[in-house]
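Numbering (the numbering used here), first residue to last: 83 to 473.
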């Protein structure tokens, strides 16, 4: 059986959380499934080829369409051509009903009755459209997310919370929605390594810091974290700093807040590292005193699990999927109340016993998540769709 996987979103350097999901899932999937044929589809100019991952497996092939994505997307939107199944028909000539897998939303055109599985990581673009820039709102409209979801043979979501949203907002029947939680890479562990000290020096990390990992965008609540940490410092005299890891989407509200903070030397409590080398991230988690993730909305919240696996306690939001992911191991706050986050910091750092308890509970909770388990569940979904198509 053939499965065509759309990896066009991996042509950009420095993959985001969605890109990381795709990479880790495919690595685990190809280790487990050595029988079925897989074709990875990408597009773009020749220069993007260096960004694409290479999977050296006999049952995995790659097809790169050497057309700039802007031109391809314009054609797909204007004429519905080329249909992706027709474009790649010669690669699966012996399979009359190949399965397509889209690990992320994209601009897609397929022949009627083509079987496909779609991963929807969250519906933040539907629930909080005001937090997206006009360009991003337009792109989500152009993907026709609702129609794609309704016509898919199966929808994969990372949490029960996301499953509820897809059912309620898009009207997708529950029997078509499959919850497959994300995994956590084994490189995230509490074991201190010699290179950790080099990482601390490389990024000039402070002695004690709260860590945030993710895109610097309004939904991630950067402004609230800055306010809460500054208030905690004033009230306690504790020299806790805030370290932000992740690229910025250049949203005005976030940029203005952080830049204003840095303009006043007396209140420089925040360090922006931008995108960091993936090999350095586990050490940064281990070096942190706490990870903050007070997002307004998440379909999963991978930094929660990565931090727990690294032996660092987590303070996150009491909304959407985050309590589902963190379980009893995290501390939960109202993401609209900076005082709530400040109080949580006081509670955590005021009790060594609570810190120990949350670290131990986090390590236990993180063991519930693995990319191997996610790949096994994904393969089961593919098999179910193929079997139903054959009957």
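A virtual CB, placed ideally from N, CA and C, is assigned to each residue, including glycine.
| residue 181 (DSSP reduced to helix, strand or coil) | In the structure shown, residue 181 falls within a strand segment according to DSSP collapsed to helix, strand and coil.
| message | Per the DSSP calculation, residue 357 is bridged to which residue(s)? | response | The partner list for residue 357 (beta bridge, DSSP) is empty, contrary to what the question assumes.
| query | Under the three-state reduction of DSSP, which class applies to residue 246: helix, strand or coil? | reply | helix
| query | Nearest-angstrom Cα distance between residue 395 and residue 163? | reply | 49 Å
| message | Looking at residue 244: is its Cβ nearer than 8 Å to the Cβ of residue 409? | response | The answer is no: Cβ separation not under 8 Å.
| By DSSP, does residue 143 sit in helix, in strand, or in coil? | strand
| request: Drop a sphere of 10 angstroms on the beta-carbon of residue 140, count the other beta-carbons inside from all chains shown, and report buried for 16 or more, exposed for fewer. | output: exposed
| field | residue 402 versus 462, 417, 296 and 411, residue with shortest Cα-Cα distance | value | 417
| query | Under a Cβ-count criterion, where at least 16 other Cβ atoms within 10 Å of its own Cβ denotes burial, should residue 287 be classed as buried or exposed? | reply | buried
| message | Considering only their Cβ atoms, is the gap separating residue 146 from residue 127 smaller than 8 Å? | response | no
| field | Through-space distance from residue 187 to residue 211, alpha-carbon basis | value | 16 Å
| C-beta atoms of residue 190 and residue 159 nearer than 8 Å | no
| message | Measuring CB atoms only, is the segment 250-261 touching the segment 436-450, in the sense that at least three cross pairs come out at less than 8 Å? | response | The segment 250-261 vs the segment 436-450: no contact.
| Given residue 404 as reference, the closest of 364, 249 and 241 once Cα atoms are compared | 241
| request: Could you check the C-alpha separation between residue 200 and residue 182 for me, to the nearest Å? | output: 8 Å
| Could you check where the alpha helix (DSSP H) with residue 304 kicks off and where it finishes? | 304-318
| For residue 119, three-class secondary structure by DSSP | strand
| Straight-line Cα distance separating residue 293 from residue 272 | Cα-Cα distance, rounded: 16 Å.
| task | Indicate the three-state DSSP secondary structure (helix, strand or coil) for residue 125 in the structure shown. | result | strand
| When 316, 135 and 309 are compared against residue 106, the one with the closest alpha-carbon | Closest by alpha carbon: 135.
| task | Measure the CB-CB distance between residue 99 and residue 384 and report whether it falls below 8 Å. | result | Their beta carbons are under 8 Å apart, which means residue 99 touches residue 384 by this criterion.
| query | Ends of the alpha helix (DSSP H) at residue 153? | reply | 151-161
| task | Output the boundary residues of the beta strand (DSSP E) element that contains residue 87. | result | 84-88
| field | When 440, 393 and 254 are compared against residue 412, the one with the closest alpha-carbon | value | 440
| request: Would you check if there are 3 or more beta carbon pairs closer than 8 Å linking the segment 419-431 to the segment 301-313? | output: Between the segment 419-431 and the segment 301-313 there are three or more C-beta pairs closer than 8 Å, enough to call the two in contact.
| request: Look at residue 368 and residue 392 and say whether their C-beta atoms are less than 8 Å apart. | output: yes
| request: Counting only the same chain and skipping the five closest in sequence on each side, list residues whose C-beta sits under 6 Å from that of residue 133. | output: The residues are 93 and 95.
| CA-to-CA distance, residue 319 to residue 122, given in whole angstroms | 54 Å
| query | Does the Cβ of residue 197 have 16 or more other Cβ atoms within 10 Å, making it buried, or fewer, making it exposed? | reply | buried
| message | Tell me the residue span of the beta strand (DSSP E) that contains residue 414. | response | Here the beta strand (DSSP E) through residue 414 covers 413-415.
| query | Short check: CB of residue 185 to CB of residue 86, under 8 Å? | reply | Here residue 185 is not near residue 86, since their CB atoms are 8 Å or more apart.
| request: Less than 8 Å between the CB atoms is what I'm expecting for residue 301 and residue 213, so what's the real figure, rounded? | output: 5 Å
| Under 8 Å between C-beta atoms of residue 376 and residue 398 | yes
| said: By the three-class DSSP mapping on this structure, what secondary structure does residue 251 have? | reply: helix
| task | Grab me the residues of residue 232's own chain with a C-beta within less than 8 Å of its C-beta, minus the 5 sequence neighbours each way, in chain order. | result | The residues 252, 253 and 254, in chain order, have a CB closer than 8 Å to that of residue 232 in the same chain once the five nearest residues on each side in sequence are set aside.
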